[in-house]
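Just so it is clear: in the sequence shown, position 77 is 695 by the numbering used here, and no numbers are missing. Every residue, glycine too, gets a C-beta built ideally from N, C-alpha and C. The next block holds one structure in the form of structure tokens; read it before the comments.
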Amino acid sequence: MRLRTPDARPADWLVVGALLLVTEFEIWIEPVFQTGLPGPRPPLAVLAVVAIVPLLWRRQSPLTVLAIMLVGLLLVGVIGDPEQAAFGLVLALLIGVYSVASYGATRVALVGVAATLVGGSVYSWLTWVEGDALVDVIVPQLFIVGSWIAGREFNHLHGRTAELAERASLQERARESEAQIAVAEERTRIARELHDVVAHSISIMGLHAAAARRALKQDAGAAEESLLIVERTSRDAQEEMKRMLGMLRRDGSRGDITPIPALSRLTELIEEVKRTGLGVSLDVEGRARLLPQGLELSAYRIIQEALTNARRHGGSNVAVAVAYGETSLDLTIRDDGSGASGQPVPGHGIIGMRERVSLHGGELYVGNDDGGGFVVRALLPIEATG
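Encoded structure:
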């Protein structure tokens, strides 16, 4: 069997060294100054080393160490004088009992203390001389039990500390995981915002650029107006992208450059779309009021994406209806275009709408209208966002 390097701390080396010094002093020096003690016995000195040095492994193999110490102590009782080397060896044994109770499992600790009590009784029997009092046998046993109880208390305290540390580690990992999820969700949200802004703005610019090209030779004024709209739209898109990218900065220095899109800016959006030649009507029902910012932004983006889809479907007229209820916001965007063949293609725009509706626990329908054309309807709960 390969002997492992002791996992001993500096204090362990110090304790072992002190015990060896005290024990060897009892064996070699004390007999010189105290009459009645036998002279030094080399076998006893060797046994003292065998019984004490294993304490360096007391954290790794506490029961094995205690067993070696018990054997050494019993051999000392056989060949030694009861007054010689007793203090150092008994103190080492108590440390061994404490160690098996501290670092061993419950079963190991119980086996260790039972073996020590039996071994101590045998040692007392081996070293018994006529005239010894019974208290000389009982007191060492009490010290053994006391050392074992102290070790178990340390074991429980150490286990509780380890449990608290593990719980703190789990909580820290959970916080890190939540932070990573939050970052991923924020990136998804910003990507969705960028898609909405870019898709809408490019669509507007494309329509006006085409109109400017057609009117360039016939109506320079109309061409100039279309180009101005392209310029303004590109500038607005740039500012909107700056605002969203600014959210990624720690200081938030770009966070307040432009207002966050909301239902209060719906009229501006519709007027902008009208300038592309698309007829858009707006009908607001119920008590219009300020809603949570996230809900306002989602509603605005859903309508914006639906208007972009209407232009793609070739419709000439779009009806936008916003119904404020007590517990929900109902959005309906219906166009008279050709609609979509079969099921609607799940592009980024429709996926973005579904994600926004799902975020608020709402419902979304996207598809062909019974009366022709294409319809987008979103039902967003208000209470769930409050």
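Secondary structure at T623: coil, using DSSP grouped into helix, strand and coil. The straight-line gap separating the alpha-carbon atoms of V753 and M687 is approximately 23 Å. The DSSP-derived three-state label of D901 is strand. Judged by beta-carbon spacing, G695 lies beyond the 8 Å limit of A669, meaning their Cβ atoms are not closer than that value. Contact check for A719 and A732: beta-carbon distance about 12 Å, past the 8 Å limit, so the pair fails to qualify. Put simply, the backbone Cα of G904 is about 22 Å away from that of L925.
Burial check for V938: the Cβ neighbour count within 10 Å reaches 16 or more, so the residue is buried. Sorting L711, I647, L977 by C-alpha distance to the C-alpha of G912 places L977 at the top. Our two residues, A928 and E796, have alpha carbons roughly 38 Å apart in a direct line. Collapsing the DSSP output to three states places L998 in a strand. Fewer than three pairs of CB atoms, one per stretch, sit closer than 8 Å, so the region 879 to 888 makes no contact with the region 832 to 847. L949 and V936 do not touch by the CB rule: their CB atoms are close to 13 Å apart, not below 8 Å. With contacts defined by Cβ atoms closer than 8 Å, G980 and P999 form a contacting pair.
Between L947 and the set S916, S934, R930, the nearest pair of CA atoms involves S916. The C-beta distance from V729 to L681 rounds to 7 Å, short enough to meet the 8 Å contact threshold.
Secondary structure note for E914: its alpha helix (DSSP H) is the uninterrupted segment 911 to 930.
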